[in-house]
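There are 2 protein chains.
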Amino acid sequence: MLSKKTKYGLKALTYLASQDKQSPIQIAEIAKHENISQKFLESILLTLRRNGFLGSKKGKGGGYYLIKEPKDIPMTAIMRILEGPIAMVPCVSLNFYEKCDDCPDENLCSVHNLMLKIRDSALSVYRNTTLEDLIQMQTG
Amino acid sequence: MLSKKTKYGLKALTYLASQDKQSPIQIAEIAKHENISQKFLESILLTLRRNGFLGSKKGKGGGYYLIKEPKDIPMTAIMRILEGPIAMVPCVSLNFYEKCDDCPDENLCSVHNLMLKIRDSALSVYRNTTLEDLIQMQTG
DNA sequence: TATTATCCTATAGATTTAATAGGTTATACA
DNA sequence: TGTATAACCTATTAAATCTATAGGATAATA
Numbered sequence: 012m013l014s015k016k017t018k019y020g021l022k023a024l025t026y027l028a029s030q031d032k033q034s035p036i037q038i039a040e041i042a043k044h045e046n047i048s049q050k051f052l053e054s055i056l057l058t059l060r061r062n063g064f065l066g067s068k069k070g071k072g073g074g075y076y077l078i079k080e081p082k083d084i085p086m087t088a089i090m091r092i093l094e095g096p097i098a099m100v101p102c103v104s105l106n107f108y109e110k111c112d113d114c115p116d117e118n119l120c121s122v123h124n125l126m127l128k129i130r131d132s133a134l135s136v137y138r139n140t141t142l143e144d145l146i147q148m149q150t151g
Numbered sequence: 012m013l014s015k016k017t018k019y020g021l022k023a024l025t026y027l028a029s030q031d032k033q034s035p036i037q038i039a040e041i042a043k044h045e046n047i048s049q050k051f052l053e054s055i056l057l058t059l060r061r062n063g064f065l066g067s068k069k070g071k072g073g074g075y076y077l078i079k080e081p082k083d084i085p086m087t088a089i090m091r092i093l094e095g096p097i098a099m100v101p102c103v104s105l106n107f108y109e110k111c112d113d114c115p116d117e118n119l120c121s122v123h124n125l126m127l128k129i130r131d132s133a134l135s136v137y138r139n140t141t142l143e144d145l146i147q148m149q150t151g
């Protein structure tokens, strides 16, 4: 299951990316528009800022804004920050690898090899999809 | 994340499918061979039996055995029973569809459309992989 | 009738997720 | 300079889910 955190984060990023003006957008506006708990969204946007996706400005007229061009933000990066590993098991994860406690030999593990395929299939989607593509999907 | 339940279930099925003899295999043997808690595995095999994948026999010489040919058991079926929906969000699920509370229009939701692609990519793997293929993967 | 092994329900413990609380800090502007 | 605004930050709670275990009931074998 995709976590609400990731879902809301993606929606917020899409909303920010689809704005014409480059002035900051308030959390409250995004939360209202996307039907998200404002406090929860607050913590999500904070994470995205700390990881270099968003900039922010405090006080009146403040809010959040994208730091990079939507076309330069691949889904792989966003997913890894919000959702964690793209792989379904740590033993096939590129960025979060961990050996299984059971399983003496990964190469002989049927689950390992199946999940390798699943990982690759997901990667091929995420690697070829940027935030800009997400906006396209939205409108068409 | 793939649940332990699914992981263990897949390992058990692979183990059963890779046996030469057609006599029942005891839970204890599978659990030992695959380093799985026997009681936990018990409940998993029970689920698989109730869903028509396994047959069982009680008493001495009893155990579990496959009902169908490994080549006739697609991963889609196993995953849906053990792990639940293949889709990461209910709104793109073929077998477990649910509308999102937020989201007035699915077609305009970027998350929806992204997860549609992810679902399709996973489906293409699961649909083209049977239990027999899992054994092949196992041996290299 | 004793032994074996599955069957079945309930429940406990652990972990993760989702959301809230409550205040702090920085900025704008009158 | 003071007030309103809006992000910043940590901690905590509430709910859900996952993992595992307990303890006996049932059926088959010999």
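Listed in order, the protein sequences are those of chains A and B. Just so it is clear: in the first sequence, position 122 is 133 by the working numbering, and no numbers are missing. Just so it is clear: in the second sequence, position 70 is 81 by the working numbering, and no numbers are missing. We put the CB at the ideal spot given by N, CA and C, even for glycine.
Among Y76(B), R91(B), D116(B), D113(B), nearest to S104(B) - alpha-carbon criterion: Shortest Cα-Cα distance from S104(B) to any of Y76(B), R91(B), D116(B), D113(B) involves R91(B).
Per DSSP, cross-strand counterpart(s) of T141(A): DSSP lists P85(A) as partners of T141(A).
is_contact[N46(B), chain A] using C-beta, thresh 8 Å: For N46(B), the answer is yes, since a Cβ of chain A falls inside 8 Å of its Cβ.
Helix, strand or coil at S104(B) according to DSSP, with G and I counted as helix: Residue state, collapsed to three classes: coil.
Same chain only: Cβ atoms within 8 Å of S48(B), ignoring 5 sequence neighbours per side: A42.
Partner residues on chain A for K128(B), Cβ-Cβ distance less than 8 Å: Neighbourhood of K128(B) in chain A, by CB distance below 8 Å: V136, T140, in chain order.
C-alpha distance - K69(A) paired with L77(A), whole-angstrom precision: Whole-angstrom Cα-Cα distance: 15 Å.
S149(B): contacting residues in chain A (beta-carbon distance under 8 Å): Looking at the sequence provided, one finds Gln at residue 149(B) rather than Ser. Against chain A, the beta carbon of Q149(B) has neighbours under 8 Å at L119, C120, S121, N124, listed in chain order.
Three CB pairs or more closer than 8 Å across the region 136-151 of chain B and the region 120-136 of chain A: The region 136-151 of chain B vs the region 120-136 of chain A: in contact.
S132(A) at chain B interface by Cβ criterion, 8 Å: Yes, contact with chain B.
Backbone secondary structure at G66(A) - three-state DSSP: Annotated three-state conformation of G66(A) is strand, per DSSP.
Contacts that L13(B) makes with chain A (C-beta to C-beta distance below 8 Å): Within chain A, the residues near L13(B) are M99, V100, V122, M126.
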